[in-house]
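**Student:** The numbering of the sequence shown is the numbering used here, which starts it at 94 and goes up by one.
The beta-carbon is built from N, C-alpha and C at its ideal position, and this holds for glycine as well.
One structure coming up, written as structure tokens, with questions to follow.
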Amino acid sequence: MESRGGGVPEALAGHPDRLRWNAKYESAPEPTFAPHPLAVRALAEAPPDGPVLDLACGTAGSALLAAEAGRHVTAVDVSEVALDRLGAEARRRGLDSLITLVQDDLGAFRPGTAAYALVLCTGFWDRAVFLRAAGAVVPGGLLAWEAFTTEAQRVRDALPAEWCLGECEPASLLDGGFAVLEQADLPDGQKRRLLARGPAAVS
């Protein structure tokens, strides 16, 4: 894990996900940095004091929204194009001291245990990554996730099955200590959102 400092980590130099997402962001219109609706919902749910982890952050403004609320944010993505654009916007808003940009493959990223008041991911699915993310939530903290369902494969022929949530996932993967506040498919059925609160601290 490396904090974004201008150079690409050696392990990511030829990473296919990095190359694919860089190309996507380079060809995309200028981002609006609008926060993801799930980030808005999660932050309104009053997470406990503490930092936020935004996984596969892209150029969404979720990290900016959390920083504007005074939270320290770690924003992780494989694409330096996305991170550089997010970093430039953070500097423009005077939020750069609150946001740490990390370029990493989420499969290799290790968030630590019980380290974040809110862990957010709105564009990625991998069971192992999800379980590590759940373990990174502080007592009483929030886990917010959105990913494709198998229904999305009907309209996205190239979407691998392993990138899609199984039936009742991701809530079914959480241990009994988590309280599921919401799990619902979006109206088109192609994505599912989860918001869950972690186990309370043991007194």
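Please report the straight-line C-alpha distance between W218 and R249, rounded to a whole angstrom.
**Tutor:** 15 Å
**Student:** With 16 other CB atoms within 10 Å as the buried threshold, where does G187 fall?
**Tutor:** exposed
**Student:** Counting pairs of Cβ atoms below 8 Å between the segment 161–180 and the segment 115–123, do you hit three or more?
**Tutor:** yes
**Student:** Looking at L146 and A213, is the spacing between their C-beta atoms short of 9 Å?
**Tutor:** The residue you asked about is not Ala; residue 213 is Leu in the sequence shown. Yes. Within cutoff.
**Student:** Compute the beta-carbon to beta-carbon distance between P292 and P232, rounded to the nearest angstrom, for a pair I have assumed lies under 8 Å.
**Tutor:** 6 Å
**Student:** When burial is assigned at 16 or more other CB atoms within 10 Å of the CB, is R220 buried or exposed?
**Tutor:** It is exposed - the Cβ of R220 has fewer than 16 other Cβ atoms within 10 Å.
**Student:** Span of the beta strand (DSSP E) holding P292?
**Tutor:** Unbroken run through P292: none, as it is neither H nor E.
**Student:** Under a Cβ-count criterion, where at least 16 other Cβ atoms within 10 Å of its own Cβ denotes burial, should C257 be classed as buried or exposed?
**Tutor:** buried
**Student:** Just the C-alpha distance for T206 and A229, rounded to the nearest angstrom, thanks.
**Tutor:** 4 Å
**Student:** Output yes or no for whether 9 Å exceeds the beta carbon distance between L305 and L211.
**Tutor:** There is simply no residue 305 to check, as the chain begins at 94 and stops at 296 in what is shown.
**Student:** Can you tell me where the alpha helix (DSSP H) holding G200 begins and where it ends?
**Tutor:** In the DSSP annotation of this structure, G200 is not part of any alpha helix (DSSP H), being labelled neither H nor E.
**Student:** So for T243, helix, strand or coil by DSSP?
**Tutor:** helix
**Student:** Which runs of the beta strand (DSSP E) fall wholly inside the segment 224–272 and span at least 3 residues, in chain order?
**Tutor:** 230–241
**Student:** Does DSSP put E138 in a helix, a strand or coil?
**Tutor:** E138: coil per DSSP, three-state reduction.
**Student:** Just checking my contact of R164 with L199 at CB under 8 Å: how many whole Å lie between their CB atoms?
**Tutor:** Not quite, the Cβ-Cβ distance comes to about 21 Å (not below 8 Å), so this is no contact.
**Student:** When DSSP builds the beta bridges, which residues end up paired with D170?
**Tutor:** Q196
**Student:** Nearest-angstrom Cα distance between E260 and A289?
**Tutor:** 17 Å
**Student:** Quick check on DSSP: helix, strand or coil for L191?
**Tutor:** helix
**Student:** Once DSSP output is grouped into helix, strand and coil, what is the label at V212?
**Tutor:** strand
**Student:** For the beta strand (DSSP E) containing D147, name the first residue and the last one.
**Tutor:** V145 to L148
**Student:** Buried or exposed for K117, please, with buried defined as at least 16 other CB atoms from any protein chain shown within 10 angstroms of its CB.
**Tutor:** exposed
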